[in-house]
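Encoded as structure tokens, the structure appears first; notes follow it.
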Amino acid sequence: MNRAPSLWASSWIALAGVLVGGAAWLLHHQRTEAVAAWQAEQNGSAPPAAVDDDPRRDWFRRSVLGAAGTPGDPGGIETRGFPGVSLEGADALDAEDARSVAVRAELGRWSAGGELPMEATRLAVEQADARAWSTLIVEAQGSEAEALASLQHLLAAPGLDGGYLTDPGRVVIESAGPGKLRFELRLRVWPIEAFVGSTEAGS
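Here the sequence shown stands for residues 135 to 337, numbered as in the working numbering.
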């Protein structure tokens, strides 16, 4: 009758010992790092930065890089899906960096099927200061069915094999009269490089 409480107490004592031992090791490790940093500061040198010499160690980077393709650059700015409007900020897409290529690929995806069933009143691209993403802006209107179908097409995710990702930053839908809708879409376009960085060792 006395064994059960004894075993129970022994289990708790063992668990407490493990927790205390782990805490002691962690405290010792943190103190060692703090002393090393202080010594480096006194010597006028910074501790060596950790170098990731094998990007495959990072699960996220490995998964994304394994699934990601290269954006299919149409070689030019494709806007035939939006007749009657010119692309504002088009000069920012002349570069060959990953962000510009990704935006051109998304514009090509939008226009792949030809003219969209709506009346576009504005089409623009804005570059973010951080060179991580670009924002595509579309303002258009049409019948309820056409406007919603067009919006669904514009919001469709390209998939990782496209080499870039999209993120709706702003979507506004409002009535434009009986049976008509007007919408504004601001869609961020991110090249995969913005998430995983360079694959060079030490990046």
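Note that the Cβ used here is the ideal one computed from N, Cα and C, for glycine as well.
C-beta atoms of Pro342 and Gly276 nearer than 8 Å = Not covered by the structure: residue 342. The range shown for the chain is 135 to 337.
Does DSSP classify Glu318 as helix, strand or coil?
-> Collapsing the DSSP output to three states places Glu318 in a strand.
Reducing DSSP to helix, strand and coil, say where Ser245 ends up.
-> In the three-state DSSP reduction, Ser245 falls in the helix class (H, G or I).
So, are the CB atoms of Leu285 and Glu240 less than 8 Å apart?
-> For Leu285 and Glu240, no; Cβs fall outside 8 Å.
Hey, how far is the Cα of Thr333 from the Cα of Glu327?
-> Because the pLDDT of Thr333 is 43, which lies under 50, any placement of that residue in the model is unreliable, and the number read from its coordinates should be weighed accordingly. Cα to Cα, the separation comes out at about 9 Å.
Report back the beta-carbon spacing between Glu260 and Gly223 to the nearest angstrom; my notes put them in contact at under 8 Å.
-> Right, their Cβ atoms sit about 6 Å apart.
Kindly indicate the opening and closing residues of the alpha helix (DSSP H) around Ala310.
-> Boundaries around Ala310 are those of the beta strand (DSSP E), Tyr298 to Gly311, since no alpha helix (DSSP H) includes it.
Just reading off the beta strand (DSSP E) that Ser277 is part of, what are its end residues?
-> Residues Ser268 to Ser277.
Using only alpha-carbon positions, find the residue among Ala279, Asp295 and Ser234 that is nearest to Val323.
-> Taking only the C-alpha atoms, the option nearest Val323 is Ser234.
Spatial neighbours of Ala283 in its chain, beta-carbon cut-off 8 Å, leaving aside the 5 residues before and after | Here Ala283 has Pro251 as same chain residues with Cβ atoms under 8 Å from its own Cβ, once five neighbours each way along the sequence are excluded.
What does a CB cutoff of less than 7 Å around Leu227 pick up in its chain, not counting 5 residues either side in sequence?
-> Excluding five sequence positions before and after Leu227, the CB atoms of its chain that fall closer than 7 Å to its own CB belong to Ile211, Ser234, Val237, Arg238 and Val259, given in chain order.
Below 6 Å CB to CB, which residues in the same chain sit around Pro325 once its five sequence neighbours on both sides are set aside?
-> Cβ within range, chain order: Ala232, Arg233, Ala236 and Tyr298.
Candidates Thr213, Leu321 and Lys314, of which the one nearest Ala279 by Cα | Measuring from the Cα of Ala279, the nearest candidate turns out to be Lys314.
Straight-line CA distance for Val306 to Ala229?
-> One C-alpha to the other measures close to 30 Å.
Among Trp244, Gly218 and Leu289, nearest to Pro302 - alpha-carbon criterion = Comparing Cα positions, the closest option is Leu289.
Nearest to Leu321 by alpha carbon, out of Gly248, Val219, Ser268 and Ser309?
-> Of Gly248, Val219, Ser268 and Ser309, the smallest CA-CA separation from Leu321 is found for Ser268.
Could you check where the beta strand (DSSP E) with Ala254 kicks off and where it finishes?
-> Glu253 to Gln261 is the extent of the beta strand (DSSP E) around Ala254.
Does the distance from the CB of Glu308 to the CB of Glu273 come in under 8 Å?
-> Cβ atoms of Glu308 and Glu273: not closer than 8 Å.
On a CA-only basis, which of Pro217, Asp225, Asp263 and Ala262 is nearest Gln244? Give me that one, please.
-> First, the amino acid is wrong: residue 244 is Trp here, not Gln. Of the candidates Pro217, Asp225, Asp263 and Ala262, the one whose C-alpha sits nearest the C-alpha of Trp244 is Pro217.
For Val235, the residue or residues it bridges with in DSSP = DSSP output for Val235 lists no bridge partner at all.
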